[in-house]
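Residue numbers (my numbering): 6 to 182.
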């Protein structure tokens, strides 16, 4: 727990302020699964050019090693501006979508899934990230409490498009910017 806490503190104190200063910065989330010793750091930028131009921070490298970096387009976004303590938990769904059905899956998330998730008790927003080159979609829903997250029911509209249920993980939201 000590190394995880140290890494999360560095993300909050050093990495987030550095990333915020980059041109085109829009939003950041730091998600942690303490049981699996896994951290997901997400930084959203206005354009791909802004993302490409940013300098990768190396604050955590001495503790945790260089992170694995992946790039996704923000395909659907339904999140209010972050407020301290607003979102406490995140459900992250990973899906493989046939390349010829990516647009359909993204439309379904945007037009059906996200609006329904927004109506569930404790919902604090959601976003969908897509990599059209390999058919990967990551859907992230934020919740105010672990109980509300666990009580919520994922709509499942994309199950038929992806050919099955997602790989689902849950995280604590340790920082938002």
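Where is the CB? At the ideal position from N, CA and C, for every residue including glycine.
Query	Result
Per DSSP, which residues does residue 180 bridge with? Please list them.	35
Could you name the residues that DSSP lists as bridge partners for residue 155?	Beta-bridge pairing links residue 155 to no other residue.
Starting from residue 21, follow the alpha helix (DSSP H) in both directions and report where the run begins and ends.	21–25
Which partner residues of residue 82 appear in the DSSP bridge assignment?	132
Starting from the C-beta of residue 33, find all residues in its chain whose C-beta is less than 8 Å away, skip the five residues before and the five after it, and write them out in chain order.	21, 24, 25, 46, 47, 48, 49, 180, 181 and 182
Count the other CB atoms, across all protein chains shown, that sit within 10 Å of the CB of residue 16; report buried if there are 16 or more and exposed otherwise.	buried
Based on DSSP bridge pairs, tell me the residues matched to residue 44.	37
Spell out whether any CB of chain B is found under 7 Å from the CB atom of residue 107.	You won't find chain B in this structure, because it holds only one protein chain.
Output the distance between the C-alpha atoms of residue 174 and residue 116, rounded to the nearest integer angstrom.	23 Å
Which term fits residue 104, buried or exposed, when burial requires 16 or more other beta carbons within 10 angstroms of its beta carbon?	exposed
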